[in-house]
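A.B. asks: So in this note's numbering, the last spot in the first sequence is 1000, and the numbers never skip. Each residue gets a CB set at the ideal place from its N, CA and C atoms; glycine is no exception. This structure is a prediction, so every number in the text was calculated from the model and none was measured.
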Amino acid sequence: MISSEKMERKTRVRFAPSPTGPLHMGGVRTALYNYLYAKQHGGDFIIRIEDTDSHRFVPGAEAYIIEALSWCGIIPDEGVDPASGKVVEEPSERHPHAPYRQSQRKGLYREYAERLVENGWAYYAFDSAEELQRRREEAEAAGRNFIYDRTTRRELRNSLTLGKEETERLLAETSDWTIRFKMPENTVVKMDDLIRGHIEVNTDTLDDKVLWKRADELPTYHLANIVDDHLMEITEVIRGEEWLPSLPLHYLLYRAFGWTDTMPRFAHLPLLLKPDGKGKLSKRDGDRLGFPVFPLRWVNADGEVSRGFREDGYFPEAFVNMLAFLGWNPGGERELFGIDELAGIFSLDRVIKSGARFNAEKARWFNKEYLRMKSVEELTDLFIPVLESKGLHVSDGGQERHDDGQGRNDGGVRGGHVFARGYVEKAVALVKERVSFVKDIWTVAPYLFIAPSEFAEFGVKAGAAVNDKPADPNRVPDPRAKKYDDEATAPFLAKDVEKFWQPENYAPAFMVAEYISGEDLGGGTETFYDGEMDSESLGHAIEQYIKDHGWPMGKVMNCMRLALTGASSGLGIADIVSFIGKKETAARLSFIGERLGRQF
RNA sequence: GCUGGGUUCGUAUAACGGUUAGUACUCAAGAUUCUCAAUCUUGCAAUAGGAGUUCGAUUCUCCUACCCAGUACCA
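(1) So E684 is in the alpha helix (DSSP H); what residue range does that whole segment cover?
(2) Rounded to the nearest angstrom, how far is the Cβ of T620 from that of T603, given a contact under 8 Å?
(3) Could you give the residue range of the alpha helix (DSSP H) that holds M953?
(4) The alpha helix (DSSP H) with T985 in it runs from where to where?
(5) Compare the C-alpha of R429 against each of L672, R764, L570 and name the closest.
(6) Should E450 be labelled buried (16 or more other beta-carbon atoms within 10 Å of its own) or exposed?
(7) What does the alpha-carbon distance come out to for the pair A615 and R580?
(8) Leaving out the 5 sequence neighbours to the left and right, which residues in its chain are closer than 7 Å to V458 when beta-carbon positions are compared?
(9) Return helix, strand or coil for M591, following the three-state DSSP convention.
(10) What would DSSP say about Y500, mapped onto helix, strand or coil?
(11) Just the C-alpha distance for Q533 and V838, rounded to the nearest angstrom, thanks.
(12) CB-CB under 7 Å to V956, same chain, minus the five flanking residues each way: which ones, in chain order?
(13) How about T561 and R550: are their beta carbons less than 8 Å apart?
(14) Please return the same chain residues whose Cβ sits closer than 6 Å to the Cβ of H793, not counting the five positions on each side in sequence.
(15) Bridge partners of L669, per DSSP?
(16) So within the stretch 469-545, which uninterrupted beta strand (DSSP E) runs reach at least 3 residues, ignoring any that extend past its ends?
(17) Just to confirm before moving on: does the CB-CB distance between V786 and I841 stay below 8 Å?
(18) Using a Cβ distance threshold of 8 Å, determine whether the stretch 629-640 contacts the stretch 651-664, with at least three qualifying pairs required.
(19) Let me know the secondary structure DSSP gives E600 once reduced to three states.
(20) So, for K832: in the same chain, excluding its five sequence neighbours on each side, which residues have a beta-carbon less than 8 Å away from its beta-carbon?
(21) For the beta strand (DSSP E) containing T578, name the first residue and the last one.
(22) Do you know offhand how far V860's Cα is from W951's?
(23) Inspect the CB distances between the stretch 716-729 and the stretch 737-756 and report whether three or more fall short of 8 Å.
(24) My output table needs one value for H793: the three-state DSSP class, helix, strand or coil.
(25) Run through DSSP, which three-state label would P695 get?
(26) Exposed or buried, which one is S370 when buried takes at least 16 other CB atoms within 10 Å?
(27) Taking I599 as the reference, give the member of L964, M722, E568, F666 with the closest Cα.
(28) On the DSSP bridge assignment, give the partners of N558 in chain order.
(29) Secondary structure at S706, three-state DSSP: helix, strand or coil?
(30) Around the C-beta of T965, are 16 or more other C-beta atoms found within 10 angstroms, so that it is buried, or is it exposed?
(31) First and last residue of the beta strand (DSSP E) that includes G449?
(32) Rounded to whole angstroms, what's the CA-CA distance from L508 to S795? Just pull it up for me.
(33) Whole angstroms are fine: how far does the CA of G427 sit from the CA of F415?
(34) What residue range is occupied by the uninterrupted beta strand (DSSP E) comprising W612?
(35) Please report the distance separating the alpha-carbon of I973 from that of G822.
(36) Measure the CB-CB distance between R448 and Y500 and report whether it falls below 8 Å.
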């Protein structure tokens, strides 16, 4: 039985990119599914470079592809040397089919093409590219289209029409002929796709594809692909849906070579579509909508830059997880899987048939989830370079903030700040739950490292006073009304600093700061908080202090927040104060006082 | 045009021919809070249309519409 023989073959799949540019995320997903399938079946994942188009070769593309896969954790078993990261050129035990670059295998394809001519499955064609182009244009002008097929081949210049002698002469004397596949007439090709099921196509709708070109002595995709898949003992071909229309040709090619008993099984993956509108995902969409479509940053020959998921701050695990779920899912409700877990549960029959739209929001969500799973230590390692890029430095030991006092209120980028690693770790732990990317640790709370020198408009999202949205007439008042409903909140949420920053609002904030720090900020200190500076007990003390004086909690706290962070939102006051310390707290209050003016 | 493939909330998807058509993201509301996040709760929102098979169709068949791909000496 053919089927039982097939079952005994070791699973071998391949990813065969063409180095014509950077690999886009759809390509990465194809590679990923191949990799997962191989691992799932205890087989091999092979890389083969299909560089048979000498005109479209792009320097650096091949290295980019390998690096991108490596970043994703997609490690080939064969075709790429793990140590050097280079495509293997010499055969070895691990890489028996080298070279893995089709341009370096070019000598081997001609004989296969000629074998097909000998057994009647192909023929020599002498029509020049220009002439065929001319015919195409003529046909188009007449409202039809020209196809090199079973009817037109009879009136074109090829070994079928020219006779043996003329053919031999042209073969010897000219050098721009090709070998074309002789598509059988009126034959139904019955095919099976692992994802799409049974498909049938009549050969009369197909054309005579070029298999081999004398001009550059290179095969086209179709020939090289079939020959190499056969030679490399590929068991499953998992590729993009754009190849589905040429599947009958490929079936026929296996038949023509007499390789049907070892023909791989095929699976055609759905395409990745634009997040909006029509068509498949393209480089342009990323530029237009503000997300990467490539795994890694890429700069083309014209210096045009395309952003990459890696450079945008995505974790490879998150990227891979997100990609795996674009067109496939394991059926349960869990969504977070590492690449090894994915390999354990992946199956082609759960691949979706229709195209999937990439969703940048969901990608961000995946990253956030992975970020939250990471340890503070690991995140700190990743965050330190961000700090460095702001001109801030981190020393190895200690917990405390080393501050030479030189950098205050200068925007923080003048240099001179050195933070102990432990201090950075504490900061990371504080904001970890609030960010999606490592770089956001800075964005969300720069005030943990530098004193604010500018103060944002004191606008807060909630509240009628700052909300321009018309009230919903259909809104039914909730009987469990929120403590701060719009009307009650408004006075606390003045739109701008000038309006909000009034003595009756800020004076208590200064008193609190004095209370905490023990420093006289000009308001007349009364008592000192001398408890532990952990945020919880500090929070209670502040709250009690404000209540004892009958001050409005929200107002006072937000004044402090403005002074401490320069913003109207952020971490809890007690967290910030206990983090930056008494001295810094007093200094920041002092600074905003001078800056905005105040009278008690 | 032709050939092939596809069509479940906005998006990704789940559902042996029998479910109040589920989940996640997004969005909205509420709880919580010194603000913003986070968290929790709730909500909005879908089987493209039409025939047929069947006791019963998101699921099977056909037609229509729409979308995608291919239609190169590119892959």
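C.D. replies: Well, looking at it:
(1) As a working note, residue 684 is residue 284 in the first sequence. The question names Glu, but residue 684 in the sequence shown is Arg. Residues 683-689.
(2) The residue given as residue 620 occupies position 220 in the first sequence. The residue given as residue 603 occupies position 203 in the first sequence. Not quite, the Cβ-Cβ distance comes to about 19 Å (not below 8 Å), so this is no contact.
(3) As a working mapping, residue 953 is identified with position 553 in the first sequence. 953-965 is the extent of the alpha helix (DSSP H) around M953.
(4) Taking the first sequence and counting its residues from 1, one reaches residue 985 at position 585. T985 -> alpha helix (DSSP H) spans 982-996.
(5) The residue you call residue 429 lines up with position 29 of the first sequence. Closest by alpha carbon: L672.
(6) Locating residue 450 in the first sequence gives position 50, where the first residue counts as 1. Taking all protein chains in view, the Cβ of E450 is crowded by 16 or more other Cβ atoms within 10 Å, so the residue is classified as buried.
(7) Within the first sequence, residue 615 is the residue found at index 215, counting from 1. Within the first sequence, residue 580 is the residue found at index 180, counting from 1. Distance between the alpha carbons of A615 and R580: 14 Å.
(8) For the purposes of this step, residue 458 is taken as residue 58 along the first sequence, with counting starting at 1. Correct list, in chain order: P419, T420, G421.
(9) Position 191 of the first sequence, counted from the first residue, corresponds to residue 591. Residue state, collapsed to three classes: strand.
(10) Locating residue 500 in the first sequence gives position 100, where the first residue counts as 1. In this structure, Y500 counts as coil in the three-state DSSP scheme.
(11) Start at 1 with the first residue of the first sequence, and residue 533 comes out as number 133. Start at 1 with the first residue of the first sequence, and residue 838 comes out as number 438. For Q533 and V838, the distance between alpha carbons rounds to 54 Å.
(12) Translated into positions along the first sequence, residue 956 becomes position 556. Closer than 7 Å at the Cβ level, and outside the excluded window around V956, lie P908, A909, V912, I946.
(13) Counting from one through the first sequence, the residue named residue 561 turns up at place 161. Counting from one through the first sequence, the residue named residue 550 turns up at place 150. Their beta carbons are not under 8 Å apart, which means T561 does not touch R550 by this criterion.
(14) Translated into the one-based positions of the first sequence, residue 793 becomes position 393. Counting only Cβ-Cβ distances below 6 Å, and skipping sequence neighbours, we find V818.
(15) Your numbering for residue 669 matches position 269 in the first sequence. Its beta-bridge partners are G640.
(16) 522-525
(17) Mapped onto the first sequence, residue 786 falls at position 386. Mapped onto the first sequence, residue 841 falls at position 441. Their beta carbons are under 8 Å apart, which means V786 touches I841 by this criterion.
(18) With a cut-off of 8 Å, the stretch 651-664 and the stretch 629-640 count as touching, because enough Cβ pairs lie within range.
(19) For this step, residue 600 is matched to residue 200 along the first sequence. Strand, per DSSP.
(20) By one-based count along the first sequence, residue 832 stands at place 432. Hits under 8 Å: L771, R772, V776, L779, I841.
(21) Within the first sequence, numbered from 1, the residue matching residue 578 stands at position 178. First-last of the beta strand (DSSP E) with T578: 578-581.
(22) The count along the first sequence starts at 1 and reaches residue 860 at position 460. The count along the first sequence starts at 1 and reaches residue 951 at position 551. Since pLDDT at V860 reaches only 30, below the 50 mark, its modelled position is unreliable, and no value is offered.
(23) yes
(24) As a first step, residue 793 must be located in the first sequence, where it is residue number 393. Correct three-state label for H793: strand.
(25) Residue numbering aside, residue 695 sits at position 295 when the first sequence is read from its first letter. Three-state DSSP puts P695 in coil, outside helix and strand.
(26) Since the first residue of the chain shown is 401 and the last is 1000, residue 370 is not available in this structure.
(27) Here residue 599 corresponds to residue number 199 of the first sequence, with the count starting at 1. Of L964, M722, E568, F666, the residue nearest in Cα terms is F666.
(28) Against the first sequence, residue 558 aligns to sequence position 158. Paired residues: A525.
(29) Residue numbering aside, residue 706 sits at position 306 when the first sequence is read from its first letter. Correct three-state label for S706: strand.
(30) Within the first sequence, residue 965 is the residue found at index 565, counting from 1. That one is buried.
(31) By 1-based counting over the first sequence, the position of residue 449 is 49. It is Ile, not Gly, that sits at residue 449 in the sequence shown. Run containing I449: none; DSSP gives neither H nor E here.
(32) By 1-based counting over the first sequence, the position of residue 508 is 108. By 1-based counting over the first sequence, the position of residue 795 is 395. Answer to the nearest angstrom: the Cα atoms are 60 Å apart.
(33) As a working mapping, residue 415 is identified with position 15 in the first sequence. As a working mapping, residue 427 is identified with position 27 in the first sequence. Cα-Cα distance, rounded: 9 Å.
(34) Along the first sequence, read from residue 1 onward, the residue named residue 612 stands at position 212. Counting along the chain, the beta strand (DSSP E) containing W612 begins and ends at 610-613.
(35) The residue given as residue 973 occupies position 573 in the first sequence. The residue given as residue 822 occupies position 422 in the first sequence. Answer to the nearest angstrom: the Cα atoms are 21 Å apart.
(36) Here residue 448 corresponds to residue number 48 of the first sequence, with the count starting at 1. Here residue 500 corresponds to residue number 100 of the first sequence, with the count starting at 1. Their beta carbons are under 8 Å apart, which means R448 touches Y500 by this criterion.
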